[in-house]
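A.B. asks: Residue numbers 1055 to 1742, in my numbering, belong to the letters of the sequence shown in order.
For each residue, glycine too, the CB sits at the ideal point set by N, CA and C.
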Amino acid sequence: MKQKVTLNSMSNFILLIAGFLLFWEWLRPLEQITDTGNVYLFVIYAAICFLVSFFIHNGWAKFSIKLVSLLFILDYLFLRETLLSKEWFQVLSLEFRYNIEIIGNNDWYLMTSLFRSLLFLLLLWLMSYLLHYWFTIANKFFLFVLLTIVYLAVLDTFTVYDAQLAMVRAFIVSFIILGLSRYVQLMDNGAYKDNIRHVFTWTIPIIVIVVMAALLGIYSPKLNPQWPDPVPFIQSTAGHVGFGSGSVQKVGYGEDDSRLGGSFVQDDSKVFEAIAHDDIYWRIESKDVYTGKGWERSEELNYQALNNGQVNWRTFPLDRTETKPYETMVHPVSTNSLPKVVYPYGVSQLGSIEEQTFFMDYNTGMIEVESSEQSQGSPYSIQYNAPSFSLDELKRNSDNDPEDIKEKYLQLPEGLPDRVVDLANEVVEGKENRYDQAKAIESYFAANGYTYQIEDVSIPEDGGEDYVDQFLFETQIGYCDNFSTSMVVMLRSLDIPARWVKGFTGGTEASEQPALPDDYKLYEITNNNAHSWVEVYFPESGWVPFEPTSGFSNPTEFYQEVTSDTETEIDRTEEEQTEQETVEETKEKEKTEEEEKDTSATGASDNQNGGNGWLYVLIGLIVLLIISAIIVYVRRYQIRDWYALKKWQRLSQKLDLESGYFYLLNLLEKKGFTTSERTDTKTICVGS
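1) For residue 1067, which residues of its own chain have a beta-carbon under 6 Å away from its beta-carbon, when the five flanking residues on both sides are left out?
2) When burial is assigned at 16 or more other CB atoms within 10 Å of the CB, is residue 1567 buried or exposed?
3) Considering Cα atoms alone, identify which of 1511, 1396, 1585 is closest to residue 1534.
4) In chain order, what residues of the same chain have a beta carbon less than 8 Å from the beta carbon of residue 1183, not counting five sequence neighbours either side?
5) Can you tell me which of the three DSSP states residue 1377 falls into?
6) How would you write the range of the beta strand (DSSP E) that residue 1404 sits in, first residue to last?
7) With DSSP as the reference, label residue 1215 as helix, strand or coil.
8) Taking residue 1118 as the reference, give the member of 1162, 1698, 1179, 1155 with the closest Cα.
9) So who's on the other strand from residue 1554, going by DSSP bridges?
10) Can you name the start and end residues of the beta strand (DSSP E) that residue 1324 belongs to?
11) Output needed for residue 1164: all residues of its chain with C-beta closer than 7 Å, excluding positions within five of it in sequence on either side, in chain order.
12) To the nearest angstrom, how far is it from the Cα of residue 1308 to the Cα of residue 1264?
13) Using a 10 Å radius around the Cβ and a threshold of 16 neighbouring Cβ atoms, would you call residue 1294 buried or exposed?
14) For the structure I just gave you, are there three or more beta carbon pairs, one from the stretch 1566-1583 and one from the stretch 1365-1376, closer than 8 Å?
15) Is it buried or exposed for residue 1743, if we count other Cβ within 10 angstroms and need 16 for buried?
16) Sort out for me which residues DSSP pairs residue 1414 with in a bridge.
17) Let me make sure I understand the geometry here. Which of 1134, 1076, 1110, 1084 has the alpha-carbon closest to that of residue 1185?
18) With distance defined between alpha-carbon atoms, name the residue in 1416, 1324, 1404, 1358 nearest to residue 1042.
19) Could you check how far apart the C-beta atoms of residue 1360 and residue 1412 are, in whole angstroms? I think they sit under 8 Å.
20) Residue 1644 by DSSP, collapsed to three states: which one?
21) Scan the stretch 1517-1571 and note each continuous beta strand (DSSP E) run of 3 residues or more that stays entirely inside, going in chain order.
22) Mind checking residue 1336: buried by the 16 CB within 10 Å criterion, or exposed?
23) Quick one: residues in its chain with C-beta nearer than 6 Å to the C-beta of residue 1040, no 5 flanking neighbours on either side, listed in chain order?
24) In angstroms, rounded to a whole number, what distance separates the CA positions of residue 1500 and residue 1162?
25) Which of the three DSSP states, helix, strand or coil, is assigned to residue 1308?
26) Below 8 Å CB to CB, which residues in the same chain sit around residue 1494 once its five sequence neighbours on both sides are set aside?
27) Note down the Cα distance separating residue 1266 from residue 1190, rounded to an integer number of angstroms.
28) Is residue 1656 buried or exposed, if buried means 16 or more other CB atoms sit within 10 Å of its CB?
29) What number of angstroms, rounded off, separates the C-alpha of residue 1444 from the C-alpha of residue 1329?
30) Output the distance between the C-alpha atoms of residue 1405 and residue 1382, rounded to the nearest integer angstrom.
31) Beta-carbon within less than 7 Å of residue 1215's beta-carbon, same chain only, minus the 5 sequence neighbours each way: which residues are those?
32) For residue 1069, which three-state DSSP category applies?
33) Checking the sheet assignment: what are the DSSP bridge partners for residue 1440?
34) Count the other C-beta atoms from every protein chain shown that fall within 10 angstroms of the C-beta of residue 1407, then say buried if there are 16 or more, exposed otherwise.
35) Is it right to say residue 1456 is buried, meaning 16 or more other beta carbons lie within 10 angstroms of its own, or is it exposed?
36) State the CB to CB distance for the pair residue 1420 and residue 1394, rounded to an integer number of angstroms; the pair is presumed to be in contact (CB under 8 Å).
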């Protein structure tokens, strides 16, 4: 009997491991199709829950280990206070009260990252309990296998996740599970006992057959798809909104810009804090290849270490540009894990308290930091020379662009519609120099009714539709990517080198300001501040930033060389321009407040505009699963007895005496009868 128990336990453990690998396939796509980060921590927590459910039988011990693991993960991801300290409990209490209030107001999308992670960890806890029961006690696998295959197929069809390898892994694990579960059934019925060799003689053929079948399926010739792809039909029905890589997602910095478009929802999660002299743009990188759908790099990233943090890379020549030296301190938020270094224009020196090494790609201007696990999220200082460009100098710039600049930054796709080029020529008509032409295109969008909007933003069709052409002539609504990409393409069509730049706007002033030197303030930069803009090349002045997006203003300083005769006129012009900007900002603020009031009054949310529909569905499923699990747990003994009675009735109807006998022994063992008691029962059964 000990041998049988050992074999049964070992087989169940193998089944549990295989089941966990299958469940892992549900977690792998989260980083690509959602805004979930640190997925490896959730995988580790799921593994802990599986192992604890199998090896530990005391209910309180299982509960304690899972709860402590959950708190450790939340503390690692979100909490800076000392674990289990008074401040730590106060922060948790505030989080709970705030999110409960949010739920009560039906503003689910405003839940904090900590609370969303807590709900997800509770879901993993619940799923590990249910799957452990299905795998090792009920010995039921087929439904979960089927749901996994359907889940991967749907993701592969309708999202950016490539599930080809996931399907192969799921196929192999699923059939191994089904084969082993049959072995466990036979062993419970007494067909295999007292010989551990049967485990290997049963398992090895299963693995060989499944692997051979998988290889045959992968490498055998296949017919072309016999059914039409449903995605284009659904896209056309939905107006090309909310599908593909541009599907509804949270705003923030991302590295893949090959497919622009689609809707965003706001995310006020803090990315970093900065002590800065002014509200400045934080640059991360530029991209040079426009494909008609988005942006890519013409060269692979080639990072080189910065010696003592010294940055010799410039977007403008220091000897021809007026600058002012400043210093800023950036403190990344560890819970948001921004993988890049942000910096203002004119960066010259990077410094860090921790032992960190900075690396830079001189083609894109992207900087990364190499640090230990303990120093991740450590602050770093930046010395920079803020530029101020002379308008007269920019207007005097020649058109003698270097060949390497023209080759890289005049690139356009062959299929660019002619009407884009015609529009660019029309906008700059009468402008004689490069600066005036760039300003004409920069101001064209705001002057012609182009609307800044992050919801219901279209995506070009997979055919020949161009991203810029769609925005300029069809939708005329979009966010920074639409405006900045359109300006770059229009400039390039005029043989003016330009490039697309990504980073963050200056953020907002923190409500609580520390003691700082004069004119310095603490700014909070969130995912909502992720932004893209334009840099235009001037042969004698370098790369100059421009801001075409409606509602945004360029923080770069420009000045005009004046004489005594024209000083009064220029001062008047600047005063009028300031007044005009103030009026526009007031109107924009009133419009924003009016929209917010309308939204709160009608109970509207991103969900009604296609922004958060899937969030409500997911939350509903989570609530349904939790309620179902509670009902199942409360009624578990009744369900077990009902299942046992039904199975006994089936065996009785079939007159399967052997199976019925072993089934009764198994029930008696689960009820806690000793070996001698079950032997007496055996004698009674045989005698009967």
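C.D. replies: Let me spell this out:
1) Against the sequence shown, residue 1067 aligns to sequence position 13. Around residue 1067: no qualifying Cβ.
2) Here residue 1567 is taken as the residue at index 513 of the sequence shown, counted from 1. Around the CB of residue 1567, fewer than 16 other CB atoms lie within 10 Å, so the residue is classed as exposed.
3) Reading the sequence shown from its first residue, position 480 is the one you call residue 1534. Comparing Cα positions, the closest option is 1585.
4) The residue you call residue 1183 lines up with position 129 of the sequence shown. Counting only Cβ-Cβ distances below 8 Å, and skipping sequence neighbours, we find 1103, 1107, 1683.
5) In the sequence shown, counting from the first residue as 1, residue 1377 sits at position 323. DSSP places residue 1377 in strand when its eight states are reduced to three.
6) Numbered from its first residue, the sequence shown carries residue 1404 at position 350. Counting along the chain, the beta strand (DSSP E) containing residue 1404 begins and ends at 1401-1406.
7) In the sequence shown, residue 1215 corresponds to position 161, counting from 1. Three-state result, residue 1215: coil.
8) On the sequence shown, position 64 is the one that residue 1118 refers to. Looking at the Cα atoms, 1179 is the closest of the given residues.
9) As a position in the sequence shown, residue 1554 is number 500, starting the count at 1. Residue 1554 pairs with 1341, 1588.
10) Against the sequence shown, residue 1324 aligns to sequence position 270. Note, residue 1324: beta strand (DSSP E), 1324-1330.
11) Locating residue 1164 in the sequence shown gives position 110, where the first residue counts as 1. Counting only Cβ-Cβ distances below 7 Å, and skipping sequence neighbours, we find 1156.
12) On the sequence shown, position 254 is the one that residue 1308 refers to. On the sequence shown, position 210 is the one that residue 1264 refers to. Looking at the two C-alpha atoms, the distance is approximately 39 Å.
13) Locating residue 1294 in the sequence shown gives position 240, counting from the first residue. For residue 1294, the predicted structure reports a pLDDT of 40, less than 50, and the residue's modelled location is therefore unreliable. The matter cannot be settled from this model.
14) no
15) Residue 1743 lies beyond the residue range present for the chain, which begins at 1055 and ends at 1742; the question has no answer from this structure.
16) On the sequence shown, residue 1414 is found 360 positions in, with the first residue counted as 1. DSSP, once it has assigned bridges, lists 1358, 1421 as partnering residue 1414.
17) The count along the sequence shown starts at 1 and reaches residue 1185 at position 131. Cα-wise, what sits closest to residue 1185 is 1076.
18) What the structure shows of the chain is the stretch from 1055 to 1742, and residue 1042 is not part of that stretch, so it cannot be assessed.
19) Numbered from its first residue, the sequence shown carries residue 1360 at position 306. Numbered from its first residue, the sequence shown carries residue 1412 at position 358. Their Cβ separation, rounded to whole angstroms, is 4 Å, which keeps residue 1360 and residue 1412 in contact under 8 Å.
20) Reading the sequence shown from its first residue, position 590 is the one you call residue 1644. Model confidence at residue 1644 stands at a pLDDT of 46, short of 50, so the residue's coordinates are unreliable; what they give is reported in the following sentence. Three-state DSSP puts residue 1644 in a helix.
21) Counting only runs of at least 3 residues, the stretch 1517-1571 fully encloses the following beta strand (DSSP E) elements, listed from N- to C-terminal order: 1552-1558.
22) Indexing the sequence shown from 1 puts residue 1336 at position 282. Buried, because 16 or more other Cβ atoms sit within 10 Å of the Cβ of residue 1336.
23) Because residue 1040 is not part of the residues shown, which for the chain are 1055 to 1742, the question remains open.
24) What you label residue 1500 is simply residue 446 of the sequence shown in a count that begins at 1. What you label residue 1162 is simply residue 108 of the sequence shown in a count that begins at 1. One C-alpha to the other measures close to 34 Å.
25) Here the question's residue 1308 lines up with position 254 in the sequence shown. Coil at residue 1308, not helix or strand.
26) As a first step, residue 1494 is located in the sequence shown; it is residue number 440 there, counting from the start. Counting only Cβ-Cβ distances below 8 Å, and skipping sequence neighbours, we find 1481, 1482, 1485.
27) Position 212 of the sequence shown holds residue 1266. Position 136 of the sequence shown holds residue 1190. Whole-angstrom Cα-Cα distance: 27 Å.
28) On the sequence shown, position 602 is the one that residue 1656 refers to. The predicted model places residue 1656 with a pLDDT of 29, which falls under 50 and marks its position as unreliable; any figure quoted below should be read in that light. Exposed, since its Cβ has fewer than 16 Cβ neighbours within 10 Å.
29) Here residue 1444 refers to the residue found at position 390 of the sequence shown. Here residue 1329 refers to the residue found at position 275 of the sequence shown. Each residue's alpha carbon lies about 27 Å from the other.
30) Locating residue 1405 in the sequence shown gives position 351, counting from the first residue. Locating residue 1382 in the sequence shown gives position 328, counting from the first residue. Near 10 Å, if we compare the C-alpha coordinates of residue 1382 and residue 1405.
31) In the sequence shown, residue 1215 corresponds to position 161, counting from 1. The residues are 1083, 1086, 1087, 1209.
32) Along the sequence shown, read from residue 1 onward, the residue named residue 1069 stands at position 15. Helix.
33) Looking up residue 1440 in the sequence shown gives position 386. Its beta-bridge partners are 1378.
34) Within the sequence shown, residue 1407 is the residue found at index 353, counting from 1. Result: exposed.
35) By one-based count along the sequence shown, residue 1456 stands at place 402. Result: exposed.
36) As a first step, residue 1420 is located in the sequence shown; it is residue number 366 there, counting from the start. As a first step, residue 1394 is located in the sequence shown; it is residue number 340 there, counting from the start. Residue 1420 to residue 1394, Cβ: 6 Å. Contact.
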